[in-house]
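Right, one structure below, let's go through it.
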Amino acid sequence: DRVRREHRARLESARDAMLRERLHDLEDLENRLLRQLAGDNGNGREAPAGSILVASRIGPAELLEYRDADLAGIALEEAGAGSHAAIVARAMGVPAVGALAGLVTRVEDGDLMIIDGEGGTVHIRPEGEVISNFQARLALSEQTQVELARLKDEPAITRDGVEIDLYINAGLSFDLDHLDEVGAKGVGLFRTEFQFMASETMPGLDEQASFYKSVIDRAGDRPVTFRTIDLGGDKIAPFMGRREREENPALGWRALRMALDHPFFFRRQLRAMIRASRGKTLRLMFPMVTTVEEFEAARRLLDSEMEWAVKFGRDLPNRLQVGAMVETPSLAFSIDSLKGKADFLSIGTNDLMQFFFAADRDNARLAGRYDLLSRPALRLLQKVRQRADEAEIPITVCGEAAGRPLEALGLIAIGYRKLSMQASRIAPAKLLIRSVDLGELAPRVQGLLQTGEPAIRNAMLSIANELGLKI
31 DRVRREHRAR LESARDAMLR ERLHDLEDLE NRLLRQLAGD NGNGREAPAG SILVASRIGP
91 AELLEYRDAD LAGIALEEAG AGSHAAIVAR AMGVPAVGAL AGLVTRVEDG DLMIIDGEGG
151 TVHIRPEGEV ISNFQARLAL SEQTQVELAR LKDEPAITRD GVEIDLYINA GLSFDLDHLD
211 EVGAKGVGLF RTEFQFMASE TMPGLDEQAS FYKSVIDRAG DRPVTFRTID LGGDKIAPFM
271 GRREREENPA LGWRALRMAL DHPFFFRRQL RAMIRASRGK TLRLMFPMVT TVEEFEAARR
331 LLDSEMEWAV KFGRDLPNRL QVGAMVETPS LAFSIDSLKG KADFLSIGTN DLMQFFFAAD
391 RDNARLAGRY DLLSRPALRL LQKVRQRADE AEIPITVCGE AAGRPLEALG LIAIGYRKLS
451 MQASRIAPAK LLIRSVDLGE LAPRVQGLLQ TGEPAIRNAM LSIANELGLK I
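In my numbering, the protein residues as written are 31 to 501.
Written out as C-alpha cells, the structure reads:
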C-alpha cells in the first residue's frame with residue numbers, strides 16, 4: 031500500500047500530462063496485482079447482488095470484469111458522463127455517476143446509497159423522506175416503462191409523417207436481446223473493442239469469428255454495424271503491454287492509427303468479420319478516421335482479405351458495406367472526397383465534440399462546460415449532414431447525444447433521420463418523435479442558429495414546452 035501511495039503521488043505531481051492521464055492504467059494494474067496476491071482470482075461476479083461500486087476511478091477494462099455482476103450502480107470520484115468508463119457502464123445497463131470529488135472518503139462498505147443516473151447525483155446514507163421520494167420516482171419510472179413498452183412495434187414517425195430510424199448502440203453480446211424489447215431497426219454501432227478489453231490474451235481468429243457470428247445471428251434480419259477495434263487513449267486491453275509515452279493520448283496513437291500500424295492484428299479482425307458474415311451482409315466502419323487516405327488504406331487491407339478468402343475458396347458475405355466514423359473536424363470537412371468510396375457515415379458526437387471544443391471528455395473539471403446544443407456545434411453538425419447529402423452518403427448519429435431528448439430534437443430539426451443510442455433510450459425517443467410536428471420544430475430551431483446567442487439549450491427547452499413536448 032505504501033508503494034502504491036508513493037507511485038500515485040509521483041504521477042499526480044508529474045509535469046508530464048501523459049503521465050498524469052495514465053494514472054488510472056497504473057491503478058488498474060495495481061488492483062489486479064493485489065487480487066492475485068490475496069489469492070483472489072475471481073472478478074466482479076463475486077460482488078453482492080444490488081451493490082453500488084464506489085471508486086476513485088476505474089478503467090474500462092477493469093469495469094468489464096463486473097459485466098456478470100448484478101450491480102445497481104457505479105459512483106466514481108473522477109470520469110464524466112462522456113468518459114469511456116461511463117459508456118461501458120451504460121453498455122452494461124448500469125447507472126453511473128462521475129465527478130464526485132471526495133466520495134471514497136465519505137462512504138464505508140455496507141452503507142446504504144441511492145444513485146440517480148438521470149440526475150447525476152448520489153445520496154449517502156439517505157433518510158426516510160429521501161428514500162420515500164426515490165421509491166415514488168422509481169415506481170413512476172417503472173409505470174412509464176410499461177407504457178413505453180407498448181410502442182416497441184410502432185414506427186418512429188413524426189406527426190407530419192417524417193420517419194426517423196432508431197438503432198441501438200451495443201458492445202456486449204447480451205445487448206442484442208434488447209433489439210426485440212425496444213423495437214429498434216438494428217445495431218447502429220457495435221463496439222468490437224469490448225471483446226478485447228475483457229480478454230487477458232489477444233482473441234484468436236476463431237474466437238473473434240465465433241463472437242461476431244453470434245452477434246449477427248442474434249440480430250436476425252436486422253443490420254449490425256461493426257466498428258473495427260478502437261483501442262488506445264484510456265481504452266487499454268490487458269494484453270497490450272507496455273506503451274510509449276504520449277503527451278496527449280486522446281490525440282495520439284489510437285483506433286485506426288494503431289490498427290494501420292499493426293496490420294497483422296487488424297487483418298485478423300477483418301478476416302474474422304468476413305468469416306462470420308458468410309452469405310450475409312457485412313457492414314463495418316473504421317473509427318477515428320482523420321484523412322481520406324487513412325480510410326483508403328484501411329479499405330485496401332479489407333479488400334486484400336476479401337481477395338484472400340476468394341483465393342482459398344472461402345464463402346464471402348453476400349454484401350459488403352464499408353463506412354467511416356466522423357469523429358474529427360478534418361474528416362468533417364472532407365466528406366465530399368468520400369463520395370463513391372464510403373457506403374455510409376456515422377457521427378461519433380463524443381469524440382467530435384471533444385476535438386471541436388478542445389475539451390477532454392474524461393476531465394471531470396470540464397464536464398458540462400461545453401454543450402452540443404450551442405450554435406457552433408449544431409451548425410457544424412448541420413454542415414456535416416448537408417455535405418453527406420450532397421455526396422449521397424447515408425449518415426447516422428451514434429454518439430451519446432442521440433439518446434438525450436433535447437439533443438435528439440435538435441438533431442432531427444437540422445435534418446438527421448437516423449439515430450443510434452443506448453437501448454433504454456429507444457422507447458422515450460420514439461415517444462418524443464411521435465409527439466413532434468417537424469414542420470413546426472425545424473424552422474424554430476433554424477431561427478435559433480441564426481441568432482447571436484451561442485448557448486441555445488434554454489431556448490430549445492422553451493420551444494419544446496411551447497410545442498407541448500415532454501422532455
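For each residue, glycine too, the CB sits at the ideal point set by N, CA and C. Predicted model only: the values in this text are computed from it and were never measured.
Throw me the rounded Cβ distance for the residue i and residue j pair, which I believe falls under 8 Å.
i	j	result
T255	L219	6 Å
I82	M143	5 Å
A285	D260	5 Å
L209	A249	6 Å
I423	I194	Not a contact, Cβ separation roughly 18 Å.
L107	L133	Per the sequence presented here, residue 107 reads as Glu, with Leu not at that position. About 5 Å; that satisfies the 8 Å criterion.
Can you give me the Cβ contacts of residue i inside the same chain, cut-off strictly under 8 Å, excluding the 5 residues immediately before and after it?
i	result
L403	L436, E437, G440, A485, I486, R487, M490
L497	V466, D467, E470, L471
Which residues in the same chain as residue i place their Cβ atom closer than 7 Å to its Cβ, once the five residues preceding and following it in sequence are excluded?
i	result
V192	L468
P359	F385, F386
V245	S203, L206, F220, V254
R417	I365, D366
L499	L462, S465, V466
N380	G112, R391, G429, E430
R415	I425, I444, G445, Y446
T320	T358, S360, L361
A68	Confidence in A68 is poor, its pLDDT being 48 and thus under 50, which makes the residue's placement too unreliable to answer from.
Between which two residues does the alpha helix (DSSP H) containing residue i stretch?
i	result
G440	435-443
S360	359-362
K448	Segment 448-451 is the beta strand (DSSP E) holding K448; no alpha helix (DSSP H) there.
N380	379-387
Y197	Run containing Y197: none in the alpha helix (DSSP H); it sits in the beta strand (DSSP E), 195-200.
R221	Note, R221: premise wrong, no alpha helix (DSSP H); beta strand (DSSP E) at 217-221.
M232	Where M232 is concerned, there is no enclosing alpha helix (DSSP H), given that its DSSP letter is neither H nor E.
R287	285-291
Taking DSSP as the reference, what is the three-state secondary structure of residue i?
i	result
E483	coil
G74	The pLDDT assigned to G74 is 48, lower than 50, so where the model puts this residue is not dependable, and the model offers no usable value.
M122	coil
V21	In the structure displayed, the chain extends from 31 to 501; residue 21 sits before or after that span and is not available.
I144	strand
S492	helix
V176	helix
G469	helix
K371	coil
R248	helix
L106	strand
A418	helix
A214	coil
L497	coil
I187	strand
I365	helix
S307	coil
I456	helix
A129	coil
R257	strand
I463	helix
V84	strand
Should residue i be flagged as near chain C, meaning a C-beta pair shorter than 7 Å?
i	result
G440	Protein chains in the displayed structure number just one, and chain C is not present.
Would you call the CB atoms of residue i and residue j closer than 7 Å?
i	j	result
G353	D373	yes
A214	I425	no
N199	Q452	yes
M288	P317	no
G158	V127	no
I154	R136	yes
R474	I501	no
P347	S376	no
L101	V118	no
E335	R301	yes
A432	L408	no
P90	A115	yes
M122	R97	yes
Excluding five sequence neighbours on each side, which residues of the same chain lie with their C-beta closer than 6 Å to the C-beta of residue i?
i	result
A77	A99
Y400	F387, A389
D190	D467, L468, G469
G147	P125
For the beta strand (DSSP E) containing residue i, name the first residue and the last one.
i	result
R349	349-356
T135	Where T135 is concerned, there is no enclosing beta strand (DSSP E), although the alpha helix (DSSP H) it sits in stretches over 133-136.
L314	311-316
V427	425-427
H153	151-154
L396	From DSSP, L396 is part of no beta strand (DSSP E); its letter is neither H nor E.
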